[in-house]
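In order, the protein sequence lines correspond to chains A and B.
First residue of the first sequence? That's 1 in this note's numbering, and the numbers climb one at a time after it.
First residue of the second sequence? That's 287 in this note's numbering, and the numbers climb one at a time after it.
We put the CB at the ideal spot given by N, CA and C, even for glycine.
Because the structure is a prediction, the values reported are computed rather than measured.
Quick notes on the structure that follows.
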Amino acid sequence: MPITDGRSSRLYAHLWRWPMPVWQLLFFLVPLCFMVLMSFWLVKNYRMEPAFVTANWEKMFSRGYFWNAYWRTLGLAGLTTLIATLLAFPAAYALSFKVSETVRRWIIFLLIIPFFTSFLVRIYAWQVILAESGVINAGLATLGIGPFTMLNTAFGTIIGYLTLTLPLVVILQTMSLSQVDRSLIEAAWNLGSSRVRTIATVILPLAKTGLIIGAVFCFILAFGDFVSPYYLGGSKPPTLSILIIDTTKSGQQWPRAAVVAITMIVTLLTVAFAAVALAYRSRVRR
Amino acid sequence: MKKTTDQTTVSTGRRGILKAGAALGVSTIIGAPYIRPAHAAPTEINMLAWYGHGEPDMVGAFEEANNVKFKPKYYAGGDNMLALIAQSPPGTYDIILSDAEFVQQLNAAGYIEEMNAADYPFDDFVHSDFQKFPGHWADDKLWSVMVRYGHLGVSYNTERVSAEEAESYKVFWKPELKGKVGHFDWHLPSLGQISLYGGNNSPSPFDIDEGAWTKVQDITRSLRPQVGGFFDYGGTFASLKNGEMSAMCGIGDWITGVLERDGAPVASVVPKEGGIQFTESYSIGKGSEKAEIVKKFIQYMLSPEGQATSAQMAAYPGFCVTNAGMKKLQEVNMAEAQRTGQVEGAANHPVSLIKEGRIHYRDIPKQQSLEDWNDFWSEYKDA
C-alpha cells in the first residue's frame with residue numbers, strides 16, 4: 001500500500017500538528033484562565049475560597065508600592081534590553097562577518113556553555129565578584145581605587161539580568177546577521193557607502209526582525225527574573241517578581257499575587273506584540 | 287527441593303513457590319499483620335520545618351535506630367509555613383515544626399493532632415513559662431511541644447561595631463553604617479525589635495495600640511536610608527560573612543552562631559531595650575498515619591541527647607529547653623554551652639534574661655492584623 005494514501009497522510013499530519021496546541025492549552029491557557037479566576041477569590045485563615053470579588057485588584061492597584069515596583073521593573077528590564085542589544089551587536093557582527101565558520105561555531109558553543117550551569121549558581125558567583133571584599137574591589141584596591149558598592153544595588157540587578165540574557169541576545173543577533181545577503185553589503189561598498197552607513201542602511205534593516213526578537217526575549221527574561229534583583233539587588237527596592245513572592249509568603253495571598261502576575265503577562269504581551277508588529281511592518285515596507 | 291540455611295528453611299520447589307505466593311496474596315488481601323523485617327525500606331516521615339531540622343546531623347541517629355527516613359520540606363517564616371500547609375492535602379505532613387506564635391492558627395485550622403502531655407518531660411523544662419507556653423494549650427489540651435528556642439537582638443560585625451555600640455538598637459542608625467544594615471526579610475522579628483526600641487515592652491512589642499503602631503512605622507521608615515538589603519536565610523548568612531552588611535536587624539545568634547563557628551567576626555547580643563525570643567515547637571500533623579513514630583521522635587528530640595544535638599544544629603543553633611539537655615550539652619561541648627550562656631551563672635544565661643524581663647516572646651500583632659504589618663513591610667521595602 002502506498003504511504004501517500006490520502007487518509008493515512010492526513011492522519012499522520014494531524015498527529016504531528018496536535019501536540020503543540022494541546023501542550024499550550026494544558027500548560028498555558030488553562031493555568032492562565034485559572035489564574036485570572038483566582039484573582040477574584042478571597043483568602044480566609046490562609047485558605048483560598050472561591051468567590052467573585054474585585055477586592056484583590058482594588059487592593060493592589062491602589063497601593064503605591066505596586067506601581068513603584070511596576071515602573072521600576074519596566075525601567076530595569078528596558079535598560080537591560082538596551083544595554084544587552086548594544087553590547088551584543090558588535091560581538092554578533094564580528095561573529096557573522098569577521099570570523100570563519102569554525103570559529104563562529106566554537107564561540108556560539110562557548111556562549112551556550114553558561115546555560116549548562118544553574119543560573120542561581122552563576123548569581124552566587126557574581127556575589128563573590130561584586131562584594132566589597134570581592135574580586136573587582138580587590139583588583140581596584142591595588143590601584144588605590146574604591147571600594148565601590150556594587151552588590152545589593154540596581155547595578156548588581158542589571159549585572160544579573162545581563163548574565164541571564166546577554167549570551168542569548170548575542171546568539172539570536174548572530175543568527176539574524178548571518179542571514180543578511182552578503183551581495184547587498186558588497187553592493188553598498190561598491191557604491192561608495194562607508195562601513196557605518198552600510199550597517200545603518202543595509203545590515204540593520206535586513207536583520208531588524210532578528211534583532212527585535214533578540215531584544216524582546218531579553219526584555220521578557222529580565223522583566224520576570226526573580227533571582228537577580230533578590231540576590232544581587234538585595235531586594236532593595238523590590239521588583240514585581242519579588243512582590244509576587246512577598247505577597248504569597250505572607251498570608252497566602254495567592255489571589256493578590258495573581259493580580260501582579262496577570263499585570264506582568266499583559267505588559268509582556270503588549271510589548272511583544274508591539275515589537276513583533278514593528279519588526280514585520282518594517283519588512284513589508286521594504 | 288529444599289534449601290537449608292542456619293536460620294531458615296526455604297522451599298524453592300514449584301509447590302513451595304505457589305504456596306508462598308498464595309500466602310502472600312491472601313495476607314495482602316485480608317490485611318494480615320505484617321512484621322517489617324530489619325532490612326525493609328525505611329518508613330518515610332514527611333516533615334515541615336525551618337531549614338536544617340531534617341538534615342542528617344539532626345535526624346540521622348534517629349533514622350538509623352528506627353529505620354525511618356525524614357523527607358523535609360523547608361520554609362522561612364510562620365506565615366510561609368501556614369501557606370504551605372494550606373496548599374497541601376490533609377495528612378501531607380506527619381510532623382510540623384512551627385514557630386510558637388503560629389501554633390494557635392495551626393490548631394484553629396485543624397492542621398494538628400492533640401498530644402498527650404504525659405508523653406513529654408515537661409517537669410524538666412528549664413523555665414516554668416515553657417511548660418504551658420502560650421498557644422500550645424487550648425482548653426487544657428496540648429497541641430504542640432516546645433523543643434528549642436533562641437534570642438534575637440543586635441547582630442553585628444565585631445570589627446566594625448563595638449560591643450558597647452551593639453548594646454542598643456540605636457546602632458542601626460549609626461551614620462557609618464549607612465547602607466550596611468541588613469534586614470532578615472520577614473516583618474515580625476524586625477518590626478518587633480523596632481517596637482522594643484520605641485519603648486513598647488509592656489505588655490509586649492507586638493501588643494501595641496494605634497498610636498504606638500504609627501510611631502513604630504515612623505521609626506522604621508527613618509531606618510530605611512541605612513538599609514543595604516533584605517535577605518532570605520542564605521542571603522543573610524552570605525551578606526554577614528562577606529562583610530557586605532555590618533549589622534543585621536531581625537536575627538540573632540541563630541545566624542551569627544553558625545558564622546562564629548566558622549571564624550567570622552560576628553556576634554549577637556540582647557540589647558538594653560530587650561530582645562525577641564523565637565520558639566520552635568513540634569506538632570503531629572492531622573491525619574498522620576505515623577503519629578506513634580513521630581511521637582517517639584519528639585521524645586528523642588527532648589531527650590538529653592536530642593537536646594544537645596539540637597543545640598549544636600549545623601544549620602543554626604538553639605537553646606536547650608530541658609535541664610538534662612543543657613547538662614548533656616555541657617558534657618559534650620562545653621565551649622558551645624559557654625558561648626551561648628547555657629552554664630550556671632552566665633551573664634547571658636537565656637533563662638536569666640527571660641526572668642529579668644529582657645526577653646519578649648515573638649508573637650503575631652495583637653491590635654493590628656498581620657496584613658497591616660505585612661502591608662507596611664512591603665511599603666517599607668519599596669521606600
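Suppose the cutoff is 8 Å on Cβ atoms and the five residues either side in sequence are ignored; what does the same chain contact list for residue i look like?
| i | result |
| --- | --- |
| A:M175 | G210 |
| A:I112 | P167 and I171 |
| B:A669 | R507 and R510 |
| A:L287 | Residue 287 of chain A lies beyond the range of chain A shown here (1 to 286); nothing can be said about it. |
| B:T291 | Note on B:T291: pLDDT 37, under 50, position unreliable in the model; no value is reported. |
For residue i, go through chain B and note every residue whose CB falls closer than 9 Å to its CB, in chain order.
| i | result |
| --- | --- |
| A:A131 | A524, S525, N528, G529 and E530 |
| A:R122 | Neighbours of A:R122 on chain B: none; closest Cβ ~15 Å, over 9 Å. |
| A:Y46 | D365, L368, A369, I371, A372, Q391 and A395 |
| A:Q179 | Those do not exist, as A:Q179 stays about 43 Å from chain B at its closest Cβ, beyond 9 Å. |
Taking 6 Å as the limit between beta carbons, can you name the residues of its chain near residue i, skipping five residues before and five after?
| i | result |
| --- | --- |
| B:T314 | At B:T314 the pLDDT is 41, less than 50, meaning the model places this residue with poor confidence; the figure from the coordinates comes in the next sentence. Within the same chain, B:T314 has no close Cβ partners at all. |
| B:E559 | Y455, L482 and Y483 |
| A:T247 | Q253, R256 and A257 |
| A:V169 | A84, A88, G214 and C218 |
| B:S525 | G468, F517 and M531 |
| A:I220 | L268 |
| B:N487 | G560 |
| B:D504 | none |
Taking residue i as the query, report the chain A residues whose CB atoms sit under 9 Å from its CB, ordered along the chain.
| i | result |
| --- | --- |
| B:L656 | S250 and G251 |
Give the residues of chain A in contact with residue i, contact being defined as C-beta atoms less than 7 Å apart.
| i | result |
| --- | --- |
| B:F244 | Here chain B comprises residues numbered 287 to 669, so residue 244 of chain B is not present and cannot be evaluated. |
| B:G521 | Y231 |
| B:N660 | S250 and G251 |
Give me the chain B residues within the contact set of residue i, using Cβ-Cβ distance strictly less than 8 Å, ordered along the chain.
| i | result |
| --- | --- |
| A:A69 | D668 |
| A:Q24 | Within chain B, no residue comes near A:Q24; the closest Cβ sits about 25 Å away, beyond 8 Å. |
Determine the burial state of residue i: buried for a count of at least 16 other Cβ atoms within 10 Å of its Cβ, exposed for fewer.
| i | result |
| --- | --- |
| A:C33 | exposed |
| A:Y280 | exposed |
| B:M620 | exposed |
| A:F273 | exposed |
| B:M333 | buried |
| A:G6 | exposed |
| B:M587 | buried |
| B:A309 | Its pLDDT being 45, under 50, B:A309 is placed unreliably by the model, and the measurement read from it follows with that caveat. B:A309 is exposed by the Cβ-count criterion. |
| A:E101 | exposed |
| A:I158 | buried |
| A:I145 | exposed |
| B:G299 | Interpretation of B:G299 is limited by its pLDDT of 46, a score under 50 that renders its predicted location unreliable; no figure is taken from the coordinates. |
| A:T270 | exposed |
Sort the options by Cα distance to residue i and report the nearest one.
| i | options | result |
| --- | --- | --- |
| A:G233 | A:L110, A:Y124 and A:I244 | A:Y124 |
| B:E575 | B:L370, B:A335, B:Q616 and B:Y379 | B:Y379 |
| A:Y93 | A:V180, A:A187 and A:A277 | A:V180 |
| B:W472 | B:R648, B:P407 and B:K501 | B:R648 |
| B:E665 | A:W67, A:P147 and A:S133 | A:W67 |
| B:P511 | B:K460, B:A498 and B:F356 | B:K460 |
| B:V552 | B:M612, B:I398, B:A452 and B:E578 | B:A452 |
| A:S178 | A:L86, A:L204, A:D225 and A:G251 | A:L204 |
| B:G353 | B:P475, B:G529 and B:V580 | Before going on, a small fix: residue 353 of chain B reads as Asn here, not Gly. Among B:P475, B:G529 and B:V580, the Cα nearest to that of B:N353 belongs to B:V580. |
| B:D415 | B:K613, B:T608, B:E622 and B:N660 | B:T608 |
| B:F492 | B:D658, B:Q653 and B:W663 | B:Q653 |
| B:D405 | B:E657, B:V618, B:A632 and B:A577 | B:A577 |
| B:L368 | B:F356, B:P358 and B:S384 | B:S384 |
| B:W540 | B:S567, B:P603, B:V502 and B:Q593 | B:P603 |
Taking C-beta pairs closer than 8 Å, name the residues in chain A that residue i reaches, listed in chain order.
| i | result |
| --- | --- |
| B:E665 | R63, G64 and Y65 |
Ordered along the chain, which non-local residues of its own chain (more than five positions away) have a Cβ less than 7 Å from that of residue i?
| i | result |
| --- | --- |
| A:I244 | A257, V260 and A261 |
| B:G396 | K572 |
| A:R122 | P114 and T163 |
| A:A187 | none |
By the criterion of Cβ-Cβ separation under 7 Å, what are the contact partners of residue i in chain B?
| i | result |
| --- | --- |
| A:D246 | S664 |
| A:N152 | G514, G515 and E530 |
| A:T149 | G465 |
| A:Q173 | Correct list: empty, because the minimum Cβ distance to chain B is about 34 Å. |
Does the ligand HEM have even one heavy atom less than 7 Å from the beta-carbon of residue i?
| i | result |
| --- | --- |
| A:K249 | In the structure on display, the ligand HEM does not appear, and there are no ligands present to speak of. |
Report task. Quick one: which residues of the segment 548 to 565 of chain B get their C-beta closer than 8 Å to a C-beta of chain A? List them in chain order. Result -> Correct list: empty, as no residue qualifies.
Query raised in the report: Taking Cβ-Cβ distances below 7 Å as the criterion, which residues of the segment 412 to 443 of chain B are in contact with chain A?
Result: For the segment 412 to 443 of chain B, which is checked against every Cβ of chain A, not one residue is closer than 7 Å.
Requested in this report: With 7 Å as the limit, tell me which residues of the segment 466 to 478 of chain B have their beta carbon closer than that to any beta carbon of chain A; keep them in chain order.
Outcome: For the segment 466 to 478 of chain B, the set of positions with a beta-carbon nearer than 7 Å to some beta-carbon of chain A reads D471 in chain order.
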